[in-house]
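Per this note's numbering, residue 53 is the first one in the sequence shown, and the count goes up by one each step.
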Amino acid sequence: MESAALDLLAGAGRSERPPGFDLSGRYAGEMSLPEVQRIHDHYRDIDTPGIFAAALARSGYHGRNFMYGDTAVPVIYRLLQRIGADSEDVFFDLGCGCGMPVLTASMLVKKAVGIDLIPGAIQFCRLSQAALGLDNVEFRTGDLLRTNLTEASIVFVAATAFDFLGALRERLLTVRPGTVVVSVTHSFEAPSLQLVESIPMEFSWTREGTDYPFRFHVHRRLP
């Protein structure tokens with residue numbers, strides 16, 4: 053990626069910090085795939101928390117509802133394979149941040165869409181998409197609580213450190229019957245949103261952190 057583009061968002065935006073846990077060991081199968089390695093390498097030396105923080109400061113929004121963390125490329129790839137994502141699916145990431153899950157999903161699905169309220173984060177996502185040459189990806193600036201989800205067959209929500217989880221649950225209930233909803237940490241189980249399984253996977257939200265067993269809650273919208 054051009055350094056000028058990164059400068060626009062957060063100074064140099066690069067970091068030489070080593071990972072705090074061994075992706076190549078724990079996710080060896082996924083990391084052996086060239087397409088996974090390519091997206092991982094793109095993000096490896098980019099300070100995504102710094103980029104998001106700078107974009108957030110420019111946006112005028114603030115508060116704990118905008119806590120940021122990355123879900124690593126091989127983690128998302130394994131998760132999507134586990135739930136059976138394929139070339140017929142349309143993947144939505146609500147609160148996509150710097151776009152890592154969206155670009156990862158694009159390897160498996162027909163279309164991958166990321167939505168975030170922070171314009172600078174979406175700008176960075178689009179720069180990453182262009183750098184990687186991915187054409188089945190769309191990034192939109194918008195409020196995840198007002199996003200039309202009827203196009204989605206898979207909805208991913210890692211952005212659940214919110215005061216408005218109830219409102220988010222109501223928005224998720226607007227998906228089409230049969231749609232899979234995956235959330236991290238918090239389950240959104242409801243009478244019409246069946247919890248199918250909870251998948252433990254170990255990763256770190258930050259590059260310096262140690263791995264921790266998080267749970268991905270997989271739901272399916274009932275008729």
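All C-beta atoms in this analysis are idealised placements derived from N, C-alpha and C, irrespective of residue type, glycine included.
Since this is a predicted model, take the numbers as computed values, not measurements.
Item to check | Cut-off 6 Å between Cβ atoms - residues of its own chain near residue 52, not counting five sequence neighbours on either side | outcome: There is simply no residue 52 to check, as the chain begins at 53 and stops at 275 in what is shown.
Item to check | Residue ranges of each beta strand (DSSP E) within the segment 86-122, 3 or longer | outcome: As far as the segment 86-122 is concerned, it has no whole beta strand (DSSP E) run of at least 3 residues.
Item to check | Selected residue, minimal CA-CA separation from residue 276, among 251, 189, 92, 88 | outcome: The requested residue 276 is not part of the displayed model; the chain covers only 53 to 275.
Checklist entry - According to the neighbour-count rule (16 or more other Cβ atoms, all chains shown, within 10 Å of its Cβ), is residue 265 buried or exposed? => result Here residue 265 refers to the residue found at position 213 when the sequence shown is read from its first residue. Residue 265 is exposed by the Cβ-count criterion.
Item to check | Through-space distance from residue 186 to residue 176, alpha-carbon basis | outcome: One-based indexing of the sequence shown puts residue 176 at position 124. One-based indexing of the sequence shown puts residue 186 at position 134. CA-to-CA, the gap between residue 176 and residue 186 works out to about 14 Å.
Next on the checklist: Is it buried or exposed, residue 166, if we count other Cβ atoms within 10 angstroms and call 16 or more buried?
Outcome noted: On the sequence shown, position 114 is the one that residue 166 refers to. With 16 or more Cβ atoms within 10 Å of its Cβ, residue 166 is classed as buried.
Checklist entry - Pick from 253, 275, 274: whose alpha carbon is nearest that of residue 268? => result Along the sequence shown, one-based indexing puts residue 268 at 216. Minimum Cα distance to residue 268 is reached at 253.
Next on the checklist: Using a Cβ-Cβ cutoff of less than 6 Å, which residues in the same chain neighbour residue 129 once the five nearest sequence positions on both sides are dropped?
Outcome noted: Counted from its first residue, the sequence shown places residue 129 at position 77. Cβ neighbours of residue 129 beyond the five flanking positions: 82, 88, 156.
Checklist entry - When the distance is taken between beta carbons, is residue 180 closer than 9 Å to residue 208? => result Counting from one through the sequence shown, the residue named residue 208 turns up at place 156. Counting from one through the sequence shown, the residue named residue 180 turns up at place 128. In this structure, residue 180 does not lie closer than 9 Å to residue 208 by Cβ.
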